[in-house]
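Just below is one structure, and these are the notes that go with it.
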Amino acid sequence: MDEIRSLEAQEALNILTCPSLSALFEISNILNTGLSKQALSTCVSLCENGANPEALAAVIKDLQGEVKQSN
Numbered sequence: 744m745d746e747i748r749s750l751e752a753q754e755a756l757n758i759l760t761c762p763s764l765s766a767l768f769e770i771s772n773i774l775n776t777g778l779s780k781q782a783l784s785t786c787v788s789l790c791e792n793g794a795n796p797e798a799l800a801a802v803i804k805d806l807q808g809e810v811k812q813s814n
């Protein structure tokens, strides 16, 4: 079990340091998505594992709207 978590942590680190993620993060900032590099990395991982990108975007927008309303 610890080996699986270690591999998952290493994979997450690899994604965060990936040059393509850096470029994607810059695009994300230009588009004012409000996503951190870690959040963007999580979204990329979810999409790579079969999540629907449009549904994911809708969930993120809903959550960001709720955060704005609560502040």
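All letters in the sequence shown, in the order written, are residues 744 to 814 by the numbering used here. A virtual CB, placed ideally from N, CA and C, is assigned to each residue, including glycine.
Taking C-beta atoms under 8 Å as the contact rule, L799 and C790 qualify, at a distance of about 7 Å. Going by C-alpha positions, G793 is about 31 Å away from S813. Distance between E797 and K804, taken at the CA atoms: about 11 Å. When rounded, the separation of the alpha-carbon atoms in S763 and N775 is 18 Å.
Under the three-state reduction of DSSP output, L764 falls in the helix class. For S779, there is no enclosing alpha helix (DSSP H), as DSSP marks it with neither H nor E. The DSSP-derived three-state label of L799 is helix.
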